[in-house]
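For what it's worth, UniProt numbering labels the leading residue of the sequence shown as 1, then goes sequentially. C-beta atoms are modelled at their ideal positions from N, C-alpha and C, and glycine is treated no differently.
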Amino acid sequence: MTASAPTILATCGGLNPGEWTDAVYGPLVLEAIRLAEVPAGRTPHVLHVNTAGGDPRFVEGTEIEAARAAGARASHLRLFPHPNVPSLAAAVNAADVVWVSGGSVVNLLAVWRAHGLDRVLRDAWRRGVVLAGGSAGGLCWHTGGVTTSYGPTASAVADGLGFVPGSLAVHYDSDPSRAVAYEAAVAAGDLAPGYALDEGTGVVYRDDGDGAQLADVVSERTDGRVLRVDAESGRAVVTALEPRILRP
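In structure tokens:
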């Protein structure tokens with residue numbers, strides 16, 4: 001637990017295809033590790049939380065291999081069919097980065113709250129564990145966003161964890177229906193204003209004592225967009241932000 005201030009990296013990314021391995025940590029995961037400020041000489045520890053996808057075992061070997069290729073160590077926190085550790089707090093606080101994968105954000109929120117993992121994560125974040133993730137794993141930290149958790153049509157969910165202010169939309173370029181749903185929800189006041197992420201992009205929040213605030217905008221693609229979506233007079237106002245390009 002080494003981040004100098006509570007830090008969250010919310011992304012639309014994660015593992016990328018590997019050349020010699022099935023997958024590698026993409027630049028967004030590597031950025032989460034960098035943000036953890038792990039002291040030189042110590043192996044970074046990434047805790048993977050795959051609740052949103054039902055804790056599928058078959059991805060775990062790929063994540064462990066990707067971590068090893070990046071010079072990191074990976075472990076997993078499962079909640080299906082029951083927790084795989086005696087103490088959620090001990091598992092989370094032993095990590096430098098908690099990386100939350102995609103899937104159903106609605107299911108993720110319900111299961112985390114049932115087990116008290118939401119409270120554990122908030123405490124660890126305050127202690128310096130970097131919280132990060134892609135898709136549902138990026139949306140969950142916000143007050144809400146748009147999701148296909150209820151079916152193939154994107155709809156608003158407004159009961160996110162609220163660790164950071166505002167809402168988030170992901171897959172903005174690959175699923176145009178999300179853009180329509182998100183901008184309509186923000187315009188109507190059903191969701192707070194927030195950010196929209198193309199594939200391979202992310203937003204960084206830090207709390208330097210006055211609440212979590214946007215600190216950086218990043219992309220592993222030169223054409224990846226990060227958009228600010230506000231409401232004005234009953235309509236959505238979209239502003240493009242300039243991301244910092246991450247290198248592998």
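Hey, out of the options, whose CA is closest to residue i's CA?
i: Pro6; options: Ala212, Arg247, Glu220; result: Ala212
i: Gly166; options: Gly26, Gly200, Thr143, Val217; result: Thr143
i: Ala74; options: Thr43, Ala90, Asn84, Val85; result: Thr43
i: Tyr172; options: Val238, His76, Asp210; result: Val238
i: Val59; options: Leu246, Asp22, Trp112, Val105; result: Asp22
i: Ala114; options: Tyr25, Pro39, Leu88; result: Leu88
i: Ala132; options: Val92, Gly41, Gly194; result: Val92
i: Trp99; options: Val38, Leu168, Gly13; result: Gly13
i: Val229; options: Gly189, Leu246, Gly200, Asp208; result: Gly189
i: Pro243; options: Asp208, Ala196, Asp210; result: Ala196
i: Gly138; options: Ala40, Arg119, Val105, Gly151; result: Val105
i: Val200; options: Arg34, Phe163, Arg119, Asp223; result: The question names Val, yet the displayed sequence has Gly at residue 200. It is Asp223 whose Cα lies nearest to the Cα of Gly200.
Can you tell me the Cα-Cα spacing of residue i and residue j, whole angstroms?
i: Pro81; j: Arg57; result: 12 Å
i: Ala181; j: Thr147; result: 9 Å
i: Trp20; j: Ser4; result: 35 Å
i: Val85; j: Glu220; result: 34 Å
i: Val203; j: Val226; result: 8 Å
i: Val29; j: Thr62; result: 14 Å
i: Arg206; j: Thr153; result: 32 Å
i: Asp198; j: Val170; result: 6 Å
i: Leu241; j: Val217; result: 8 Å
Tell me which residues share the same chain as residue i and place their Cβ nearer than 7 Å to its Cβ, disregarding the 5 neighbours each side in the sequence.
i: Ala95; result: His45, Val46, Leu47, Val129
i: Ala185; result: Val146, Ala156, Leu191
i: Ala187; result: Ala231, Gly234, Arg235, Ala236
i: Asp159; result: Leu109, Gly144
i: Ala215; result: Val204, Tyr205, Arg206
According to DSSP, is residue i helix, strand or coil?
i: Val170; result: coil
i: Thr43; result: coil
i: His115; result: helix
i: Ser101; result: coil
i: Asn50; result: coil
i: Ala156; result: strand
i: Asp123; result: helix
i: Arg178; result: helix
i: Glu199; result: coil
i: Pro243; result: coil
i: Val129; result: coil
In its own chain, which residues sit with a C-beta less than 6 Å from the C-beta of residue i, not counting the 5 before and 5 after it?
i: Pro248; result: Pro27
i: His76; result: His48, Glu60
i: Ala32; result: Leu9, Val97, Val130, Ala132
i: Tyr25; result: Ala66, Ala70
i: Asn107; result: none
i: Asn16; result: Val24, Gly26
Can you give me the Cβ contacts of residue i inside the same chain, cut-off strictly under 8 Å, excluding the 5 residues immediately before and after it?
i: Ala90; result: none
Exercise. Can you check the region 60-92 for any beta strand (DSSP E) of at least 3 residues that lies completely inside it and give the ranges in chain order?
Key: 73-77
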